[in-house]
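2 protein chains.
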Amino acid sequence: MSDTRDKILEIGRRMVQSNGYNALSFREVAAEIGIKSAAVHYHFPTKGDLGGALANKYAQDAQSFCDGLLQSGDTAEKMFRAYTGVFRAALADNNRMCLYGIMAAEYDDLPPGVRVEVDKFTEVNLHFLEALLKRAKPELTSADIGTRALAIFSAIEGAQLVARGRKDITVFDNALAAHQAVGLTF
Amino acid sequence: MSDTRDKILEIGRRMVQSNGYNALSFREVAAEIGIKSAAVHYHFPTKGDLGGALANKYAQDAQSFCDGLLQSGDTAEKMFRAYTGVFRAALADNNRMCLYGIMAAEYDDLPPGVRVEVDKFTEVNLHFLEALLKRAKPELTSADIGTRALAIFSAIEGAQLVARGRKDITVFDNALAAHQAVGLTF
DNA sequence: CGCTACTTATCTATCGATAAGTAACTCCTT
DNA sequence: AAGGAGTTACTTATCGATAGATAAGTAGCG
């Protein structure tokens, strides 16, 4: 793949994570790379194309990461730590948010093509959490596993959202610790 | 207070809850009321003023609601249900979000004056949840109560965020049911 | 020659914001 | 009671900035 295309995706992702899809601007992305905005349109004709590509790559990266974790042979506790570490890292990186979380907040503004890709990210995460639950909490019914995975995922997203709003990463850590203490997570 | 001013606040709030602070437009607010955008600037000179007023009113309304609940004499369970019902109602109203949640996602874009008001909303909610916890879970230390309140608040915000992203209000209901089942909430 | 990866230049739309004008109403003075 | 001054709540018109998008041109490479 083209070097420029990759740079656009990387810078675009960081912009969305910082300020949302609305704040993603062809001119700003171009300026940061040192090219002109029309060159960005060359790679991604419309903003919907760019947003969709960003969300798609984000979901695929998550997929690879989760697959790698599940094949690591680690304990559920350790895998879960590594997993939440990604969300934590976004906060540590200039108070950024998960691309999904920020796009979910803007959901009504998103072009349909972007929404589809955003939905994929949820699926990837839920499948991962369900796999973890199946291993670590075999006492749960399969219906309970689906619900529990959703509850964990939303708890993580919420912890990140509130921590961002308070500009305080310890909020994230404390919320997750509380979720673990009551047995919601691992 | 002026009738127009109230209409601006109501329509503006609904717009932010639907599409975020970025999508809040003087022209659109004005058009929906049937006045001109300059008239909106008359009441709220800058967008920061409008956003701040929206967040301020939202926090104050939350304050009144929570105070009313605490004085109702109901059980913690019942009060908590009424409390989460507000978040649920936002989703039921055309997939809207809590003003705080959507503004937290856009936090980096917000003018300082808006941020201050947004922070107030968190405080109101945390104080309410801490009061509930103090009553319903007297075994918790006061340090644990603070953490637990944060964990509950973030779990609710997250449930709303994910439910919005999936356009499925049952996601909200299921997540909250799971949080209750593990003993995180009431 | 023709394809890739751009730049230059420009269009239209929308944004927040402001200056200037105006109709309606209140209040004070004579 | 009459009339002017001042205030409130707007409208009209416009500014400059920025947005996404596109047409046309171009440099380099196989």
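These protein sequence lines are chains A and B, in that order.
If you count by the working numbering, then the first sequence holds residues 1 to 186, one letter each, in order.
If you count by the working numbering, then the second sequence holds residues 1 to 186, one letter each, in order.
Positions of the beta carbon are idealized from the N, C-alpha and C atoms, including for glycine.
Where B/C66 sits in the DSSP three-state scheme: In this structure, B/C66 counts as helix in the three-state DSSP scheme.
Strictly under 7 Å for the Cβ-Cβ distance: is B/Y21 near chain A by that measure? no
Should the region 175-185 of chain A be regarded as contacting the region 32-42 of chain B, the criterion being three or more beta carbon pairs within less than 8 Å? no
Within chain B, partners of A/I156 - CB distance below 8 Å: G158
Where does A/R96 fall in DSSP's three states? coil
With 9 Å as the C-beta to C-beta threshold (strictly closer), list the residues of the region 158-183 of chain B near chain A in chain order. G158, A159, Q160, L161, V162, A163, R164, G165, R166, K167, V171, F172, N174, A175, L176, A177, A178, H179, A181, V182 and G183
Contact list for the region 93-107 of chain B against chain A, Cβ threshold 9 Å: Listed by position along the chain: N94, N95, R96, M97, Y100, G101, I102, M103, A104, A105, E106 and Y107.
So B/L99 and B/Q17 are in contact, right, with Cβ under 8 Å, and what is the actual spacing, rounded? 6 Å
Return the chain-ordered list of same chain residues with a C-beta closer than 7 Å to the C-beta of B/G101, the five sequence neighbours on each side being excluded. Take B/G101, set aside five residues on each side of it, and the residues of its chain with a beta-carbon closer than 7 Å to its own are E157, Q160 and L161, in chain order.
With DSSP collapsed to three states, give me the class of A/K137. coil
Which one of A/M15, A/D49 and A/L184 has the shortest CA to CA distance from A/V114? Closest option to A/V114, judged by alpha-carbon separation, among A/M15, A/D49 and A/L184: A/D49.
Boundaries (first-last residue) of the alpha helix (DSSP H) holding B/E28: From DSSP, the alpha helix (DSSP H) with B/E28 extends over F26 to I33.
Chain B partners of A/A214, CB-CB under 8 Å? No answer is possible for residue 214 of chain A: the residues shown for chain A start at 1 and end at 186.
My parser needs the alpha helix (DSSP H) runs of 4 or more residues fully inside the region 95-179 of chain A; what are they? 99-105, 112-136 and 142-166
Report yes or no: do the region 140-159 of chain A and the region 117-131 of chain A share at least 3 C-beta pairs separated by less than 8 Å? yes
Among the candidates B/K137, B/A104 and B/M97, whose CA atom is the shortest distance from the CA of B/L201? Beyond the ends of chain B as shown, which are 1 and 186, falls residue 201 of chain B; an answer cannot be given.
Around the Cβ of A/I84, are there at least 16 other Cβ atoms within 10 angstroms (buried) or fewer (exposed)? Here residue 84 of chain A turns out to be Thr, not Ile, going by the sequence shown. That one is buried.
Give the DSSP-derived three-state secondary structure of A/K36 in the structure shown. coil
Just to check my reading of the structure: B/Y58 and B/F121 have Cβ atoms closer than 8 Å, yes? What is that Cβ distance to the nearest angstrom? 6 Å
Determine the DSSP secondary structure at B/D61, reduced to helix, strand or coil. Residue state for B/D61 is assigned as helix, using DSSP reduced to three classes.
Using a Cβ-Cβ distance under 7 Å, would B/L110 count as near chain A? no
Listed from N- to C-terminal order along the chain, which residues in the region 110-125 of chain B have their beta-carbon within a distance smaller than 7 Å of any beta-carbon of chain A? V118 and T122
Taking the Cβ atom as the reference point for each residue, do A/L69 and A/M79 lie within a distance shorter than 7 Å? Between A/L69 and A/M79, the gap from beta carbon to beta carbon is short of 7 Å.
Rounding to the nearest angstrom, what Cα-Cα distance links B/M1 and A/N19 in this structure? Summary for B/M1: the model assigns pLDDT 49, below 50, so the residue's position carries little reliability; its value from the coordinates is reported in the next sentence. For B/M1 and A/N19, the distance between alpha carbons rounds to 35 Å.
Taking the alpha carbon of A/D108 as the point to measure from, which residue in B/D108, B/T75, B/F186 and B/N22 has its own alpha carbon closest? B/N22
Measuring straight from C-alpha to C-alpha, what distance separates A/N95 and B/D119? 16 Å
Below 9 Å on C-beta distance, what does B/F153 contact in chain A? G158, V162 and A175
Using a Cβ cut-off of 8 Å, pull out every chain A residue sitting near B/L150, in sequence order please. V162, V171, N174, A175 and A178
Check distances from the C-beta atoms of the region 3-35 of chain B to those of chain A and list, in chain order, the residues that come in under 7 Å. S18, N19, G20, N22 and A23
Nearest candidate by alpha-carbon position, reference B/G165, set A/Q63, A/E32 and A/A105: A/A105
Between B/I11, B/E139, B/V182 and B/V171, which lies nearest to B/R88 when the distance is taken from Cα to Cα? For B/R88, the closest C-alpha among the options B/I11, B/E139, B/V182 and B/V171 is that of B/V171.
List, in chain order, every chain A residue whose beta-carbon is nearer than 8 Å to that of B/T75. Going along chain A, no residue has its Cβ under 8 Å from B/T75, so there is no contact; the nearest lies around 20 Å.
Along the chain, where does the alpha helix (DSSP H) containing A/G73 start, and where does it finish? Unbroken run through A/G73: none, as it is neither H nor E.
B/T147 versus chain A: which residues are under 9 Å apart at the beta carbon? N174, A175, A177, A178 and A181
Quick check: what's the CA-CA separation for A/E10 versus B/A76? 47 Å
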